Amino acid sequence: MLDPNQLRKDMATVVNALARRNVLFDAGRFGQLEARRKAVQVETETLQARRNALAKLIGQRKSKGEDATAEMSESQSIPVRLKDLEHDLALVQGELNEWLMTIPNL
């Protein structure tokens, strides 16, 4: 299986090496899958950061005796979205890995 990290770092070298072996590499497909993977990963990390910030804010508000209902409501919706994103990430990574396994090693 081709190393996705190597493709990210130096796709031209990989494509040229495969071409010498008469293997066509679909760089566009890799780019699309990689873009989807990256988008899901970034959204996941953003939501995790928001969840952590909300937890801190809720704690601060409660310690001051202030109302934290809005923050608590928002924080309750985050785990559902995170679960969906983790599922999406697994699907994209699975599709990428399956495809890369069909391409010969260098």
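Once you know that position 20 of the sequence shown is 20 in our numbering, the rest is easy, because the numbers rise by one and skip nothing. A virtual CB, placed ideally from N, CA and C, is assigned to each residue, including glycine. Bear in mind the structure is a predicted one, so any value in this text is a computation, not a measurement.
Discussion item. For Ala17 and Ala49, what's the separation of their Cα atoms in angstroms?
Written reply: For the purposes of this step, residue 17 is taken as the residue at position 17 of the sequence shown. For the purposes of this step, residue 49 is taken as the residue at position 49 of the sequence shown. Using only the alpha carbons, I get a separation of about 40 Å.
Discussion item. Helix, strand or coil for Asn112? Go by DSSP, reduced to three states.
Written reply: Because residue 112 is not part of the residues shown, which for the chain are 1 to 106, the question remains open.
Fill in: Where Val92 falls: helix, strand or coil (DSSP)
Within the sequence shown, the letter at position 92 stands for residue 92. Three-state result, Val92: helix.
Fill in: Proximity winner among Gly59, Arg20, Val92 and Asn22, relative to Gln41 (alpha-carbon distances)
As a position in the sequence shown, residue 41 is number 41, starting the count at 1. Closest option to Gln41, Cα to Cα, is Val92.
Worksheet item: For Leu2, does the count of other Cβ atoms within 10 angstroms reach 16, so buried, or fall short, so exposed?
Response: Translated into positions along the sequence shown, residue 2 becomes position 2. Leu2 should be labelled buried.
Practice prompt. Express the C-alpha separation of Arg8 and Arg36 in angstroms, rounding to a whole number.
Written response: Numbered from 1 along the sequence shown, position 36 holds the residue referred to as residue 36. Numbered from 1 along the sequence shown, position 8 holds the residue referred to as residue 8. Cα to Cα, the separation comes out at about 14 Å.
Worksheet item: By the 10 Å Cβ neighbour count, where 16 or more other Cβ atoms means buried, how is Glu71 classified, buried or exposed?
Response: Working through the sequence shown from its first residue, we reach residue 71 at position 71. Buried is the call here.
Worksheet item: Near Leu89, what residues of its chain come up, given a Cβ to Cβ distance below 8 Å and the 5 sequence neighbours on each side ignored?
Response: Position 89 of the sequence shown, counted from the first residue, corresponds to residue 89. Closer than 8 Å at Cβ, skipping near neighbours: Arg37, Val40, Gln41 and Thr44.
Practice prompt. Evaluate Leu24 with the Cβ neighbour count: other Cβ atoms within 10 Å of its Cβ, from every protein chain shown; 16 or more gives buried, anything less gives exposed.
Written response: If you number the sequence shown from 1, residue 24 lands on position 24. When all chains shown are included, Leu24 counts as exposed.
Worksheet entry | Whether Leu57 touches Glu95 by CB criterion (8 Å) | Along the sequence shown, read from residue 1 onward, the residue named residue 57 stands at position 57. Along the sequence shown, read from residue 1 onward, the residue named residue 95 stands at position 95. Against a cut-off of 8 Å, the Cβ pair of Glu95 and Leu57 comes out as no contact.
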